[in-house]
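Worksheet: the structure to be examined is printed underneath.
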Amino acid sequence: MIDPFPRLSLAHLPTPLEPMPRLSAALDGPEIWIKRDDCTGLSTGGNKARKLEFLMAEAQAQGAEIVVTQGATQSNHARQTAAAAAKLGMECHLILEDRTGYNYENYRFNGNILIDVLHGATIEHRPPGLDMRQELDLIVEAMRDVGRNVYSIPGGGSNPTGALGYVTAAFEMLSQFEAQGIAVDCIVHATGSAGTQAGLLVGLRAAGSPIKVLGIGVNAPRNHQEEAVYRLACATAERIGKPGLIARADVAANCDYVGLGYGMATDESNEAIDLFAQTDAILLDPVYSAKAASGLIDLTRKGQFRNGERIVFLHTGGAASLSAYTHEFDTMAVA
Ligand SMILES: *Cc1c(COP(=O)(O)O)cnc(C)c1O
């Protein structure tokens, strides 16, 4: 099903699937497990490593010398793209939107930005509110005009090629559930540019699994988010020769935990960071995984996830941005 697609080995796979006994006890709700896609390697890990295995293979097949992509200032996708390009001996150019308006020194120069620079990527910034797809297209066209062989990667690596990374992740998870002998009711994770959720759904349904997937939004309102996931899931299903595999009703997102906006921490996301760090020693990030975790925590407290259920929290990574968010944490409390 996936075999005909070119793929490079960039991620450390399979990532571990582990129980979270202390978090489960603290919340007194469902049994919570964690799928450690924060441990995919490729410059501190995260979900983009799986997508890049397929995207960078396509780039190489096309003979590209440079990859260009876009994202927010603290984009994990940009960081892992820069890492993949370095590893493959390609150039990487990043167009980064200053979406939060944060002017903190650490936000502008630490975290993912620091790592982008270390991997040798070139960076240009954009003010918030532009059409970043168009900004990417303009730069790519300008490079092609001067004769460069450019491979353009959409924000988040989310197209049917990138989503194949999560089709295969679904197969990996299903075989781990089987090996552990566990029945899983729902997989919960952060959803943004939609490739992760779209790929997961396609992989699960292609394998005949009815496991539910709940994306916790970090940006767009619910309907917009669900439509984006649905559209990409349909295109991905078609790509693997299974058109019509995904029903609109399969796609569920909860976008109640965004707060003031993309990349802006909430009290609840900060609480989630503390709770995960101090129960099962898991590091979350304010932009994605902690928003998803704050949803998981709140929905458990509200009784939507209950005792007797088994939930897998798909950790999509992101902790590389923590050092850009020192303003959110009371680091001075340590005398
Ligand atoms: C990109 C990203 C996501 C969202 O994944 P999408 O495929 O863009 O929906 C979630 N968590 C982290 C840490 C990310 O970097």
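Start counting at 1 in the sequence shown, then tack on 30, and there's your number in my numbering. Each residue gets a CB set at the ideal place from its N, CA and C atoms; glycine is no exception.
Test item: CB-CB of Gly229 and Gly186 under 8 Å: no
Helix, strand or coil for Lys65, going by three-state DSSP, please let me know. Here Lys65 sits in strand by DSSP.
Could you say which of Ile125, Val147 and Thr103 lies nearest to Met162 if we only look at CA atoms? Ile125
Output the distance between the C-alpha atoms of Ala193 and Leu344, rounded to the nearest integer angstrom. 15 Å
Taking C-alpha atoms, which residue in Met294, Gly75, Arg80 and Lys65 lies nearest to Pro36? Arg80
Evaluate Glu256 with the Cβ neighbour count: other Cβ atoms within 10 Å of its Cβ, from every protein chain shown; 16 or more gives buried, anything less gives exposed. buried
Helix or strand or just coil, what does DSSP make of Glu73? Note that residue 73 is Ser in the sequence shown here, rather than Glu. It is coil, neither helix nor strand.
Under 8 Å between C-beta atoms of Ala213 and Arg340: Contact: yes.
Just to confirm, is the Cβ distance from Leu314 to Ala295 under 8 Å? With contacts defined as CB atoms closer than 8 Å, Leu314 and Ala295 fail to qualify as a contacting pair.
Using the Cα positions of Leu57 and Thr330, report the straight-line distance between them to the nearest angstrom. 7 Å
For Asn284, the first and last residue of its enclosing beta strand (DSSP E): Ala282 to Asn284
Boundaries (first-last residue) of the beta strand (DSSP E) holding Ile327: Counting along the chain, Ile327 falls outside any beta strand (DSSP E), though it belongs to the alpha helix (DSSP H) covering Ser319 to Arg331.
Please report how far the alpha carbon of Ala263 lies from the alpha carbon of Pro190, in whole angstroms. 8 Å
Taking the C-alpha atoms as reference points, what is the distance between Asp297 and Asp310? Asp297 and Asp310: Cα-Cα distance of roughly 20 Å.
Bridge partners for Ser182 per DSSP, in chain order? Val98, per the DSSP bridge assignment.
Cβ atoms of Ala87 and Leu43: under 8 Å apart, would you say? no
Secondary structure of Phe207, DSSP reduced to three states: helix
Helix, strand or coil: how does DSSP classify Glu339 here? coil
Which two residues bound the contiguous beta strand (DSSP E) that contains Gly150? Note, Gly150: premise wrong, no beta strand (DSSP E); not H, not E.
Same chain, Cβ closer than 6 Å to Arg252, neighbours up to 5 away in sequence not counted: Excluding positions up to five away in sequence, the list reads Ala283 and Cys285.
Which of helix, strand or coil DSSP assigns to Ala89: Here Ala89 sits in helix by DSSP.
Tell me the rounded alpha-carbon separation between Val281 and Val176. Taking the straight line joining both Cα atoms gives about 42 Å.
Would you check if the stretch 93-105 and the stretch 64-74 touch, i.e. whether three or more CB-CB distances between them fall below 8 Å? no
Pair within 8 Å by beta-carbon distance, Val317 and Tyr181: no
Following the continuous beta strand (DSSP E) through Phe48, name the residue where it begins and the one where it ends. Note on residue identity: the sequence assigns Glu, not Phe, to residue 48. Segment Leu47 to Pro49, the beta strand (DSSP E) holding Glu48.
Where Ser205 falls, given that 16 or more other Cβ within 10 Å makes a residue buried: exposed
C-alpha gap between Pro46 and Ala172, whole angstroms: 42 Å
Cutoff 6 Å; reference Ala354; Cβ partners in own chain excluding five residues on either side: Gln104, Asn136, Tyr137, Asn140 and Gly141
Ligand 1 and Lys78: does any heavy atom of the ligand fall closer than 7 Å to the residue's C-beta? yes
Should Leu290 go down as buried or exposed, given a rule of 16 or more other Cβ atoms within 10 Å for buried? exposed
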